[in-house]
Amino acid sequence: MPSLRLLIVCLWWFNSLSRTQQYQSSQTQVLQQLRKHLEFPKVLDAWNSSADICFTPPSPSLSVTCEGNTITGLRIMGDKLAKVSSFEGFSVPDQTLSQDFSVDSFVTTLTRLTNLKVVILVSLGIWGPLPDKIHRLYSLQVLDLSSNFFYGSIPPKIAAMTMLQTLTLDGNYFNDTVPNWFDTLSNLTIVSLKSNRLKGTLPRSIGRIKSLTVLALSGNRISDSLPDLRGLASLNVLDLRDNNLNSRLPPMPKEIVNILLSKNSLSGVIPKQFGELNMLQHVDLSSNFLHGTPPEALFSLPNISYLNLASNMLNSSLPSRLKCGSQLGFVDLSTNRLTGGLPSCLQSNSNKRIVKFGGNCLSIDPQHQHKENYCKNAETDKKVSKGRHAILMVAVIAVASVVVVLFFVLFFILCRRNLKGAIAKQRLIPKRVAENAPTGFSSELLANARYISQAMKLGPQVTPMHRVFTLEELKEATHNFDQSAYIGEGSVGKLYKGRLENGTDVAIRCLALYKRYSVRNLKLRLDMLSKLRHPHLVCLLGHCIEGAPDGSSVNRVFLVYEYMPSGNLRSNLSESSPEKILKWSERLAVLIGVAKAVHFMHTGIIPGLSNNQLKTSNILLDEHRMAKLSDYGMSIIMEEIDKNEAKPDGHKSSPWESRKVEDDVYSFGFIILETLAGSRISENDAVLLDEMAASTFSSQDWCKQIVDPMVLSTSSQESLSTVIAITGKCVSSHPSLRPSIEDVLWNLQYAAQVQASADGDQRSEAASQT
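Residue numbering for the sequence shown is -20 to -1, 1 to 750, as defined by mature numbering (1 follows the signal peptide of the UniProt record, and there is no 0).
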């Protein structure tokens, strides 16, 4: 009997061990599948070993937490930094996973780890809408998906994750409204959705999350008013900086520690209740439209250490008896309408306290103050403006009423007319080029081609960091911009070749700015331009700004690019250098590279950039003859220059240049035409280009008369006809009939594939004959 009991115990122990090992094995398989979904990032190389993952030593970038033999925590910090550089609504994503990545499959695999309590997946290049099925992780307490490329809305089924305490989705591209269901999560303590594209109003339900300690929504597009937040009894941090909030300041919770509301459009006075918040340490209300006098008690709060009220409309004078708290180390009152003297506790840098007060009408430090009339007149102008605003509102309402009536009258007429027009247009619009090409692919496949805006795989970028050069460095690199270093002059400034001190060859473009920029404004634009990184864009290595000593304006800016030794596409199509003449397959590779660059400029950044100076002289080739687009994004700096106006040297833009500004796809069509024609056409021969655009592209006579003999002798009929067909669409006189750059890219890639197959068959046939 004892032996029987012992046998039963042994069998039970063996079965338990077997089940445990099977469970561990299944979890390990899930982690390996996740690794595959993430395209084998270097940070997960530690999972190569056969050791139990639960016992893998944690690192700053990777840790797996287990309870018993069950995985309960997963933290992966990647290196695909989603640095969202924003300027005037323009944002640039750096790296994503490839277009083959499926966020739905990834999350499906992740939810197989059903006991997860902590999921932290940061900077891994994950892109796509966050699937609803994330709610299957019902035990989750912490979810951090920061610095990735999620877009769309935040899934409402997250509301079913009742255990959730921390939700962090910073640095993504969520572009719907702020969810109205956060108050259903009774354990929620931290909500951080910074640096996204969230819009609309801040829902009133936010004010009912009693457990909330941190609410961080800075760097979005949230508008309208701030809700009453006094119900957030546990709130310590409120961060709503850099939004479009335009209400008065509401009362704040008593336990609040940090109030960060800068860069909004908040108005009215600072409530006296702010002076009763004894836990308050850090206040930033700068860059709003607040007026009146700040509460005296705000300066003397026991824990207040940082107070920024700069760039508002605070007026009148500060009381001389004003006292400062012992912890107050920084005060910024600059750029307001304050008058009178400065209280003794705010005297400049007294008691190691930093105080900024320039740009007011104070009686001290007159060198950095306005005249007193400036502040008084501003107040008078404000009252007059209010009266004018009321009259204007009455006029606007009257006009709007008339417009509404006219709208309904015209609406019925236009609907009938558009219905007829739509039917006629449907008959006129031709099918996709690829449908007529003998591709073997269905039109449905083409119509469902993946839209990879924000998901362009850039590959590993080994380009150096953008840096600021001194004018002396550039003079030394070009021998003081000697004529021997001069390369040429395009539509946007002179170009020089230089050699840096470390031996690197560079191309330096000198731009004379016709618009008056401040140094700060221009630096922001250059910083945004420097973030554009793509294998088929010439890398911007740095810049140098030459301006007024006080930084008030800029005269010239020098852009330093990587040097491309193989010249531009035009020179490689010329018969004057036969050793450089590109064959058809090589020309296709160039066109595909440029199309990828244009596609990135249109859809890989938010919002897309057009007017990208597309012409063959701006398509450069490196030592491997890989094409890179130069002079892209010049509209960011030169946006105010009219390309049709005469330049200071008397040069006017040609009709060719003027036309290119209108449509990148149209311009790209003419690049294909030049690539087909080679030296038979000049880039600036607008008349011949127009004649070509009006030609019947598919005719044999057209091919013989226009197409370069090198192209005819090295191309297959199917490959050439595919490119000619899409070219005809690109240069259509009706913009609505032109294809997207994605369609152009697809057809070029198909033509290259067909040509490669034909070349392979030709080589095989030649080999069989020898």
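By construction, the Cβ of each residue, glycine as well, lies at the ideal position given by its N, Cα and C atoms.
Model, not experiment: these values are computed from the prediction.
So the alpha helix (DSSP H) Glu453 belongs to, where does it begin and stop? Leu451 to Ala457
Three-state secondary structure (DSSP) at Glu745? helix
Can the beta-carbon of Phe596 be found less than 8 Å from the beta-carbon of Ile651? Note on residue identity: the sequence assigns Thr, not Phe, to residue 596. Against a cut-off of 8 Å, the Cβ pair of Ile651 and Thr596 comes out as a contact.
Rounded C-beta distance between Ser227 and Asp204? I'm assuming under 8 Å. 7 Å
Should the segment 534 to 546 be called in touch with the segment 597 to 606, which here means at least 3 C-beta pairs below 8 Å? yes
Are the CB atoms of Val10 and Arg116 nearer to each other than 8 Å? no
Ile250, buried or exposed, once every other Cβ within 10 Å from all chains shown has been counted against 16: buried
Roughly how many angstroms separate the alpha carbons of Phe461 and Glu745, rounded to a whole number? 55 Å
Which residues share a DSSP beta bridge with Ala213? In the DSSP output, where bridge partners are listed per residue, Ala213 has none listed.
So if DSSP puts Asn548 in a beta bridge, which residue, or which two residues, is it bridged to? Leu600
Exposed or buried, Ile403, counting other C-beta atoms within 10 Å across all chains shown (16 or more means buried)? In this prediction, Ile403 scores a pLDDT of 33, lower than 50, which makes its location untrustworthy; the coordinate-derived value is nonetheless stated afterwards. Flag for Ile403 reads exposed.
Could you please give the first and the last residue of the uninterrupted beta strand (DSSP E) stretch that includes Val122? Val122 to Asp124
Among Asn288, Leu18 and Asn224, nearest to Val87 - alpha-carbon criterion: Leu18
Helix or strand or just coil, what does DSSP make of Trp(-9)? Any answer about Trp(-9) is weak, because its pLDDT of 44 lies below 50 and its placement is not dependable; what the coordinates show is given next. Trp(-9) falls in the helix class under three-state DSSP.
Anticipated Cβ contact below 8 Å, Pro274 with Leu294, distance rounded: 6 Å
Reference Ser510, options Glu235, Asp59 and His446, closest by Cα: His446
Pop quiz: Leu571 and Val534 are said to be a contact at Cβ under 8 Å. What is the actual Cβ separation, rounded to whole angstroms? Not a contact, Cβ separation roughly 36 Å.
Can you name the residues that DSSP bridges to Asn295? Partner(s): none; Asn295 has no beta bridge.
Taking the C-alpha atoms as reference points, what is the distance between Arg333 and Ile284? 12 Å
Report the rounded CA-to-CA distance for Val122 versus Ser551, giving the unit in angstroms. 58 Å
According to DSSP, residues forming a beta bridge with Phe538: Cys490 and Cys524
C-alpha gap between Asn316 and Leu265, whole angstroms: 12 Å
I'd like to know whether the C-beta atoms of Gly527 and Val486 end up nearer to each other than 8 Å. no
Measure the Cβ-Cβ separation of Ile467 and Lys477 and say whether it is below 8 Å. yes
Leu120 versus Asp644: straight-line alpha-carbon distance, rounded: 47 Å
Would you tell me roughly how many angstroms separate the C-alpha atoms of Phe35 and Asn152, rounded to the nearest one? 32 Å
Along the alpha helix (DSSP H) that carries Trp564, what are the first and last residues, could you check? Trp564 to Thr583
Thinking Leu313 and Phe337 are a contact (beta carbons under 8 Å), I'd like their distance in whole angstroms, please. 5 Å
Identify the continuous alpha helix (DSSP H) that holds Leu502 and give its terminal residues. Val499 to Ser510
Distance between beta carbons of Leu54 and residue 804, contact taken as under 8 Å: In the structure as shown, the chain starts at -20 and stops at 750, and residue 804 therefore has no counterpart that could be examined.
Counting C-beta neighbours from all protein chains within 10 Å, is the total for Glu47 16 or more, i.e. buried, or is it exposed? exposed
Where does the unbroken alpha helix (DSSP H) through Asp644 begin, and where does it stop? Asp644 to Ala657
In angstroms, rounded to a whole number, what distance separates the CA positions of Lys243 and Asn268? 6 Å
Less than 8 Å between the beta carbons of Leu90 and Leu14, yes or no? yes
Using beta-carbon positions only, say whether Arg505 and Ile616 come within less than 8 Å of one another. yes
Rounded C-beta distance between Leu178 and Asp156? I'm assuming under 8 Å. 7 Å
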